[in-house]
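One structure is given below, encoded as structure tokens.
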Amino acid sequence: METKSEYLEISAAQGAGGKHTVAGLAYGGGKMRLFGWSHPVVVDLSGMTVPESVPLLANHENHTLGRVGLVRAKIADGHLAISGEIVAGGELADAIVAQGKAGADWQLSIGAEVEAAELVQQGKRKVNGVEHDAPFYHVTKSTLREVSVVAVGADASTHMKVTAKLELKGKSIMEPENKGTGNGGQGTETPATPATPAAATAAAKPAETPNAATPAATPKTVAAAATVEKPAEPMPDAKAIAAEAVKAERDRVTMIKSVCGGEFPEIEAKAISEGWDRNTVNEAVLKAYREKQPTTTPPGIAVKKSGMDAKALEAALSLRAGIDGDSLAKEMGEETVEAAMKESDMPLAGVLAECMRLEGMAVPRTFDNASIKAAFSTVSLPGILSNVAQKKLLQAYRAQPIIATRLCTSADLSDFKENERFRLTDIGDLKPVGADGEIKEGGVSEEKAVNQLDTYAKKFCLTRKMIINDDLGAFLKVPAAMGNRAARLVDQLFFTRLLANPTMSDGKPLFSTNHKNLLSGANSALSADS
Numbered sequence: 003m004e005t006k007s008e009y010l011e012i013s014a015a016q017g018a019g020g021k022h023t024v025a026g027l028a029y030g031g032g033k034m035r036l037f038g039w040s041h042p043v044v045v046d047l048s049g050m051t052v053p054e055s056v057p058l059l060a061n062h063e064n065h066t067l068g069r070v071g072l073v074r075a076k077i078a079d080g081h082l083a084i085s086g087e088i089v090a091g092g093e094l095a096d097a098i099v100a101q102g103k104a105g106a107d108w109q110l111s112i113g114a115e116v117e118a119a120e121l122v123q124q125g126k127r128k129v130n131g132v133e134h135d136a137p138f139y140h141v142t143k144s145t146l147r148e149v150s151v152v153a154v155g156a157d158a159s160t161h162m163k164v165t166a167k168l169e170l171k172g173k174s175i176m177e178p179e180n181k182g183t184g185n186g187g188q189g190t191e192t193p194a195t196p197a198t199p200a201a202a203t204a205a206a207k208p209a210e211t212p213n214a215a216t217p218a219a220t221p222k223t224v225a226a227a228a229t230v231e232k233p234a235e236p237m238p239d240a241k242a243i244a245a246e247a248v249k250a251e252r253d254r255v256t257m258i259k260s261v262c263g264g265e266f267p268e269i270e271a272k273a274i275s276e277g278w279d280r281n282t283v284n285e286a287v288l289k290a291y292r293e294k295q296p297t298t299t300p301p302g303i304a305v306k307k308s309g310m311d312a313k314a315l316e317a318a319l320s321l322r323a324g325i326d327g328d329s330l331a332k333e334m335g336e337e338t339v340e341a342a343m344k345e346s347d348m349p350l351a352g353v354l355a356e357c358m359r360l361e362g363m364a365v366p367r368t369f370d371n372a373s374i375k376a377a378f379s380t381v382s383l384p385g386i387l388s389n390v391a392q393k394k395l396l397q398a399y400r401a402q403p404i405i406a407t408r409l410c411t412s413a414d415l416s417d418f419k420e421n422e423r424f425r426l427t428d429i430g431d432l433k434p435v436g437a438d439g440e441i442k443e444g445g446v447s448e449e450k451a452v453n454q455l456d457t458y459a460k461k462f463c464l465t466r467k468m469i470i471n472d473d474l475g476a477f478l479k480v481p482a483a484m485g486n487r488a489a490r491l492v493d494q495l496f497f498t499r500l501l502a503n504p505t506m507s508d509g510k511p512l513f514s515t516n517h518k519n520l521l522s523g524a525n526s527a528l529s530a531d532s
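Going by my numbering, the residue at position 225 of the sequence shown is 227; the numbering climbs one at a time, nothing skipped.
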């Protein structure tokens, strides 16, 4: 197979339009070195989609000034050829034409959208009629987007020659001088040797011979008023155009059916009737496919923490205080508790030093009063000790049985003012249903009580001796005892009010004969038998 090089030929047409026609070989089917690809790239022209018209750019510059013309591309014999016009009149277009006329070598470069590619790692593969040695990327499917005029193309072995020519009709613009001969004073015009193929076309016509009766005149340069015409465009072949349109439509329908794969008949019918392109069909199918998929929770990625932070220190001190690890994991997270288990035996002095280190303080080698003051000046240490003490207090509170909560219902109050609480209670016992199925009517009564919030507290401290002696147990005995006392306080407050026999909303004491809950007399005395 003959190897061709990318070239560009510019024809300058003078006259009304003043446009320059271009023709050239945009891609020869060989390997290209492209930025971002680790190996050479070979574009398979058999899998390339070529639009009806392609923009001609200058050096792949994708902006309005970078577009210099419009060309038509055609694939033949493993090559991509283009033909069209330079329609722009800007600086870039004028520079391309001017340098081409001056004899500059130009090259062409293609810009394509890669839709499918594979890496050939071993052996050889025949692409575009030529066998290429591995490794290289084989672009199996692509769409031509633009063709650019460049100084150096992607393939270093290619060469492009730009030629400027004038297609003239009649005499040349500058005719050669008429040189007289000795034959009766008659002269014959001798055409000059053409410097370009275009000039050869103009000079191929025989020179006109002057009338023999005309006396010889002094030779001089005559400027002929040449008429420059644009090349006549060939008449379009209606049958060929119709055949190409039918083939393009069949290819489009085949593409749509291939993308839909029989799974999306509605999209397939709509795409065929409305003339969708590949990108539109792909987007519609992808959207429909995503809607069909069930919603699943993406797998979580667990990242283990490295080192100790304030939460891990709190968890370590809580584990040492005897707080259950499962409850800590629910509150602080399994990762935090797992990291804290390694430091669950950390002494109090170590906790203080670690808090200083977390906040960027210098940790002295000796542990003294200054170290204790510095540690308690941090933000994390007071919070850690307070949280651990509260956890120990709550653990002791929950371990203590409370009778009041079994006899009373709990409620929420928004402030410390006296609040009236109301409840509805039924009157009387259940009645049997009669033989006729009649159900006796019952009644309800409204009861009111007054409640008021109050706060009970006691503070304690971690002494210097406890810290130096690492006596965490002595420190935590105080919140544990306070938790037990808090549970007992609930019962104390409840029974104090209950035994005071308070007056209810009906003006009667809680325990009274009216409420049928008072037993008096000798039979009411408690004894061993009762």
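Where a beta carbon is used, it is the ideal one built from N, C-alpha and C, also for glycine.
Through-space distance from residue j to residue i, alpha-carbon basis
i: residue 474; j: residue 349; result: 8 Å
i: residue 334; j: residue 360; result: 19 Å
i: residue 381; j: residue 392; result: 17 Å
i: residue 122; j: residue 62; result: 28 Å
i: residue 500; j: residue 420; result: 18 Å
i: residue 489; j: residue 498; result: 15 Å
i: residue 598; j: residue 395; result: The question about residue 598 has no answer here: the residues shown for the chain are numbered 3 through 532.
i: residue 66; j: residue 108; result: 22 Å
i: residue 405; j: residue 365; result: 50 Å
i: residue 513; j: residue 449; result: 15 Å
i: residue 443; j: residue 330; result: 53 Å
i: residue 258; j: residue 97; result: 43 Å
i: residue 533; j: residue 399; result: Because residue 533 is not part of the residues shown, which for the chain are 3 to 532, the question remains open.
i: residue 195; j: residue 87; result: Annotation note: pLDDT 38 at residue 195 (below 50); position unreliable, coordinate value reported separately. Distance between the alpha carbons of residue 195 and residue 87 is about 29 Å.
i: residue 58; j: residue 37; result: 21 Å
i: residue 275; j: residue 250; result: 15 Å
i: residue 288; j: residue 248; result: 28 Å
i: residue 308; j: residue 403; result: Note that residue 308 has pLDDT 49, beneath the 50 cutoff, so the model's placement of it is unreliable and the number below is only indicative. Roughly 41 Å separates the two Cα atoms.
i: residue 85; j: residue 151; result: 13 Å
i: residue 476; j: residue 465; result: 10 Å
Nearest-angstrom Cβ-Cβ length linking residue i and residue j, presumed shorter than 8 Å
i: residue 339; j: residue 315; result: Contact doesn't hold; Cβ gap of about 12 Å is too wide.
i: residue 119; j: residue 145; result: The Cβ separation is near 13 Å, so there is no contact.
i: residue 261; j: residue 284; result: 6 Å
i: residue 73; j: residue 99; result: The pair is not a contact, with the Cβ atoms about 15 Å apart (cut-off 8 Å).
Three-state secondary structure assigned by DSSP to residue i
i: residue 291; result: helix
i: residue 135; result: strand
i: residue 163; result: With a pLDDT of 40 at residue 163, under the threshold of 50, the predicted position of this residue should be treated as unreliable, and no value is reported.
i: residue 78; result: strand
i: residue 115; result: strand
i: residue 380; result: coil
i: residue 506; result: coil
i: residue 390; result: helix
i: residue 445; result: strand
i: residue 358; result: helix
i: residue 363; result: coil
i: residue 1; result: Only positions 3 to 532 of the chain appear in this structure, which leaves residue 1 out of reach.
i: residue 481; result: helix
Beta-bridge pairing of residue i - partner residues as DSSP gives them
i: residue 110; result: 151
i: residue 421; result: 453
i: residue 69; result: 59
i: residue 268; result: Residue 268 is not bridged to any residue.
i: residue 50; result: 144
i: residue 85; result: 25 and 74
i: residue 427; result: 447
i: residue 121; result: 139
i: residue 34; result: 43
i: residue 126; result: 135
i: residue 434; result: Residue 434 is not bridged to any residue.
i: residue 511; result: 505
Cutoff 9 Å: residue i Cβ touching any chain D Cβ
i: residue 256; result: Here chain D cannot be found, since the structure has a single protein chain.
Any non-hydrogen atom of the ligand ADP within 8 Å of residue i CB
i: residue 84; result: In terms of ligand content, the structure shown is empty, and the ligand ADP therefore cannot be addressed.
In chain order, each alpha helix (DSSP H) run of at least 4 residues that lies wholly inside the stretch 393-418: If one requires a minimum length of 4 residues, the alpha helix (DSSP H) runs lying completely within the stretch 393-418 are 406-409, in chain order.
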